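The next block holds one structure in the form of structure tokens; read it before the comments.
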Amino acid sequence: ELVFVGEGPGADEDAQGLAFVGRAGALLSRLITAMGLTREEVWIGNIVKCRPPENRKPLPDEMQACLPFLRSQLAVLKPRVIVALGATALTGLVDVSTGISRMRGTWLRFEDIDLMPTYHPSYLLRAGGESHDRYWEVWSDMEKVLTRLGRPIPTPKGRKREA
Ligand code: URA
Numbered sequence: 076e077l078v079f080v081g082e083g084p085g086a087d088e089d090a091q092g093l094a095f096v097g098r099a100g101a102l103l104s105r106l107i108t109a110m111g112l113t114r115e116e117v118w119i120g121n122i123v124k125c126r127p128p129e130n131r132k133p134l135p136d137e138m139q140a141c142l143p144f145l146r147s148q149l150a151v152l153k154p155r156v157i158v159a160l161g162a163t164a165l166t167g168l169v170d171v172s173t174g175i176s177r178m179r180g181t182w183l184r185f186e187d188i189d190l191m192p193t194y195h196p197s198y199l200l201r202a203g204g205e206s207h208d209r210y211w212e213v214w215s216d217m218e219k220v221l222t223r224l225g226r227p228i229p230t231p232k233g234r235k236r237e238a
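If you read the sequence shown in the working numbering, its first letter stands for residue 76, the second for the next number, and so on.
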């Protein structure tokens, strides 16, 4: 019922043929655990299915070329909620021109599926990981996702007291 979509495979993902198995994947796993879920209970995929040369961002035509595969995957999975991780996932799935920092936390739709955009785990790592305010913005987006799924919202470890 819950799907996370990232940008595309990095070196670790390319080597293993799996999505989000490197450092960003470890952060994503911790987030999923904090949500009271396991990786086995969700599906994790990417907009593009091959690693772009030099790890550059996927080009629009590459995203378009891969979209039918993701569309087929989603048709099989029939998730209730898609979490779009970062700007590439957001613009790959929804026709928006507003940036991820403005759009995150706002419910959108991919076809008839609720879609929640949030920051990419690699961005969170660069920003300082779970100790950074950006992480709590992602957490508040995940609270909305859990509410939509009718799931309990666990109290996350290390949450700073509200000012
Ligand atoms: N970043 C992504 O966007 N996808 C992965 O699978 C790994 C890192």
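Where is the CB? At the ideal position from N, CA and C, for every residue including glycine. Keep in mind that this is a model prediction, so the values were computed, not measured.
Alpha carbon to alpha carbon, how far is residue j from residue i? Give it in angstroms, no decimals.
i: residue 92; j: residue 84; result: 8 Å
i: residue 188; j: residue 101; result: 26 Å
i: residue 141; j: residue 169; result: 15 Å
i: residue 116; j: residue 218; result: 17 Å
i: residue 196; j: residue 128; result: 21 Å
i: residue 111; j: residue 229; result: 7 Å
i: residue 203; j: residue 139; result: 32 Å
i: residue 164; j: residue 194; result: 10 Å
Report yes if the C-beta of residue i is less than 8 Å from at least one heavy atom of the ligand URA; otherwise report no.
i: residue 97; result: yes
i: residue 142; result: no
i: residue 160; result: yes
Exposed or buried, what is residue i when buried is set at 16 or more other beta-carbons lying within 10 Å of its beta-carbon?
i: residue 238; result: Here the model assigns residue 238 a pLDDT of 47, short of 50, so the residue's position is not dependable, and the following value carries that caveat. Residue 238 comes out exposed.
i: residue 135; result: exposed
i: residue 186; result: exposed
Between which two residues does the beta strand (DSSP E) carrying residue i extend?
i: residue 118; result: 118 to 121
i: residue 192; result: 188 to 193
Please decide whether residue i counts as near chain D, where near means a Cβ-Cβ distance under 9 Å.
i: residue 222; result: The structure shown contains no chain D; it holds only a single protein chain.
Locate the alpha helix (DSSP H) running through residue i, then write down its first and last residues.
i: residue 79; result: Segment 77 to 81 is the beta strand (DSSP E) holding residue 79; no alpha helix (DSSP H) there.
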